[in-house]
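Here is the structure we will look at.
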Amino acid sequence: MIQKEKSLDSSFNSTDIKFFKVCLDLAKQALDAGDQPFGSILVNANNEIIAKARNRINEKNALSHPEIELAKWALENLSVEERQKSKMYTTGEHCPMCAGAHRWAEIGSLYYLSSGEQLGQWLEEFGVEDGPINFISTKEIIKNVEIKGPANGELSDKIKEMHRQFIVKHKTASDHI
Ligand SMILES: [Zn+2]
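Residue numbering for the sequence shown follows our numbering, starting at 84 and increasing by one per position.
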């Protein structure tokens, strides 16, 4: 049976959805490894995936968000022109650290599945407090970059469910994320 994505933001096309699914797989790998579920990819001008990263906070350190890892990879491996033509797809909107890294590395567009605001609402719903920094919208932090998100519908439901599973497994109500 072919399942149609319900009520997904109409600004995302079938190629975007395909890339978000890769990000969701990476987020699932993070979840399985005991990390909060975040996954991101870089796509070049020919719509080819050139780099993938997932949350590795447990394995490395608290700064090991996938988006900053991709920004560093891009600086080390791509020309300015290639970086400007690349797109980052990610399961969650950047935190301010990653938003800065995205722009300083001169990466092109940013497409995210769920927003920082949504994540905050979900964490509240799951009974945990939000993290230690304010989640300012990426659109307010980054200048001159195309930003799309969030998407609604099945893919958004999937990442929300992964966040719920992470909370159930790893946190108590008094913990901060
Ligand atoms: Zn981040």
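Where a beta carbon is used, it is the ideal one built from N, C-alpha and C, also for glycine.
If you're wondering where the values come from, they're calculated on a predicted model, not measured in any experiment.
For the pair of segments examined, the segment 211-224 was found not to touch the segment 112-131: the number of CB pairs separated by less than 8 Å stays below three. L161 sits in coil when the DSSP states are folded into three classes, being neither helix nor strand. Here DSSP, grouped into helix, strand and coil, assigns A182 to helix. Residue environment analysis places S197 among the buried positions, since at least 16 neighbouring C-beta atoms fall within 10 angstroms of its C-beta. In the displayed model, L193 falls within a strand according to three-state DSSP. The straight-line gap separating the alpha-carbon atoms of H185 and H246 is approximately 23 Å. Counted as a single uninterrupted DSSP element, the stretch harbouring L146 is not any alpha helix (DSSP H), since DSSP gives it neither H nor E.
Taking all protein chains in view, the Cβ of G117 is surrounded by fewer than 16 other Cβ atoms within 10 Å, so the residue is classified as exposed. Counting along the chain, the unbroken alpha helix (DSSP H) around S97 starts and ends at S97 to D115.
Beta bridge pairing from DSSP links R137 with G122. Just so you know, the alpha carbons of I242 and I133 end up roughly 23 Å apart. For G175, the uninterrupted beta strand (DSSP E) run begins and ends at K170 to G175, by DSSP. Note on L146: under 16 other CB atoms within 10 angstroms of its CB, so exposed under the neighbour-count rule. In the three-state reduction of the DSSP assignment, I230 falls in the strand class. Taking 7 Å as the cut-off, the C-beta of E150 counts as close to a heavy atom of ligand 1.
For E131, the secondary structure class from DSSP, reduced to helix, strand or coil, is coil. A heavy atom of ligand 1 is found nearer than 7 Å to the CB of C178. K231 and M171 have their C-alpha atoms roughly 11 Å apart.
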